[in-house]
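Encoded as structure tokens, the structure appears first; notes follow it.
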Amino acid sequence: MEEESKQQMSMPLIGDDAPKFKAKTTMGEINFPEDYKGKWVILFSHPADFTPVCTTEFMTFASMQKEFKDLNCELIGLSIDSIYAHIAWLRTIKEKIEYKGMKNVEIMFPVIEDLKMDVSKKFGMVQPNASTTQAVRAVFLIDPKAKVRAVLYYPLSNGRNMQEIKRLLVAMQKSDKEQIATPANWQPGDDVIIPPPGSCGMAKERMEKKEEGKYCLDWFMCFRKEK
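For the sequence shown, position 149 matches number 149 in UniProt numbering, and the numbering has no gaps at all.
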């Protein structure tokens, strides 16, 4: 029992390699990360098909799929349900559900069948002291090198904010490309933080030297203007 609990709790941390897996999905078999080389991936789990919160999430993700693709990012869903349950649920979403102006929504990203919980346990999506027949509402953002870059967990009662997930993806991509950091509540187009100086001399120089397009609140806290 203790060993099973440890297995359920095991999860990759930020900076770890994302676990490899092969899985049957609504779009055919996938081999991760081989099938996603050079791409960002958002792997997200949901507790069960035919549940209202999950339905709103899937419809919202589907409506934003092109936005994520434009950011070189693919979506992969997962729950501990059969492929037939997935298909029936996705057909119901397309044929019967209208939500916030979204209707006839077709889910065009793969949804993993994980009846044996193989993938869920590799990613720590099945929590101890909870039902072993449900995966938690988790999100893993994985970079093109198959490294875990962010992990988000949500309670069963509350849906995810897809715009925040997209904002985080954009922020991480910008940080990787430009070697900057983003401050609290950052939105694309806002000023960004430049790395702090690594020596006393550099700190002094930074405060004395005025560079166009940059400003400092103190020696360790400097920004680059984006507008």
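Note that beta-carbon positions come from the ideal geometry of N, C-alpha and C, so glycine has one too.
Measure the alpha-carbon distance for residue i versus residue j and round it to whole angstroms.
i	j	result
K20	M207	47 Å
M88	Q127	According to the sequence shown, residue 88 is Ala rather than Met. Answer to the nearest angstrom: the Cα atoms are 27 Å apart.
M202	K225	20 Å
G213	M221	14 Å
D176	T182	11 Å
F223	I180	9 Å
M193	P52	For clarity, residue 193 is Ile in the given sequence; the question names Met instead. C-alpha separation (whole angstroms): 40 Å.
Q7	K116	Residue placement at Q7 is poorly supported in this model, since its pLDDT is 48, which falls under 50; the coordinates still yield a value, given next. Approximately 13 Å between the Cα atoms of the pair.
E29	A23	6 Å
Y215	A150	29 Å
K69	G101	22 Å
I80	G189	39 Å
K204	Q65	47 Å
K209	I42	42 Å
C73	F109	11 Å
L152	A184	17 Å
E67	S120	26 Å
A135	E211	51 Å
F44	T92	20 Å
W186	K103	31 Å
With 16 other CB atoms within 10 Å as the buried threshold, where does residue i fall?
i	result
G77	buried
D16	exposed
P55	The question names Pro, but residue 55 is Thr in the sequence shown. It is buried - the Cβ of T55 has at least 16 other Cβ atoms within 10 Å.
L75	buried
K227	exposed
W62	In the sequence on display, residue 62 carries Ala and not Trp. Label assigned to A62: buried.
S10	exposed
G124	buried
Check the C-beta distance from residue i over to residue j and give it rounded, since I have them as a contact under 8 Å.
i	j	result
P12	R137	About 17 Å separates the two Cβ atoms, so there is no contact after all.
By Cβ distance below 7 Å, which residues in the same chain neighbour residue i in space, the five residues on each side in sequence not counted?
i	result
A146	D17, A18, P33
G159	V53, T56, E57
L156	P47, R137
D218	none
H86	T26, D49, V111, E113
S82	E113, L115
Looking only at its chain, what residues have a beta carbon closer than 8 Å to the beta carbon of residue i, apart from the 5 residues adjacent to it on each side?
i	result
L71	W40, K166, L169, V170, Q173
V148	P12, L13, I14, G15, D16, D17, A18, F140, L141, I142
E2	Summary for E2: the model assigns pLDDT 49, below 50, so the residue's position carries little reliability; its value from the coordinates is reported in the next sentence. Nothing meets the Cβ criterion.
E178	V192
Is there a Cβ from chain C that is less than 9 Å from the Cβ of residue i?
i	result
V53	Protein chain content of the structure displayed is limited to a single chain, and chain C is not contained in it.
With a threshold of 6 Å on Cβ separation, who are the neighbours of residue i within its own chain once the five nearest residues in sequence on each side are excluded?
i	result
T60	M162
D191	F223, K225, E226
G38	P144
Run the proximity test for residue i: is its beta-carbon closer than 8 Å to any non-hydrogen atom belonging to the ligand ATP?
i	result
G28	Inclusion of the ligand ATP in the displayed structure is not the case, the ligand content being empty and no account of it being possible.
Any contact of the region 191-200 with the region 88-107, i.e. 3+ C-beta pairs under 8 Å?
No, they do not touch.
Would you call the region 161-178 and the region 28-35 touching, i.e. three or more CB-CB distances under 8 Å?
They do not touch, by the three-pair rule.
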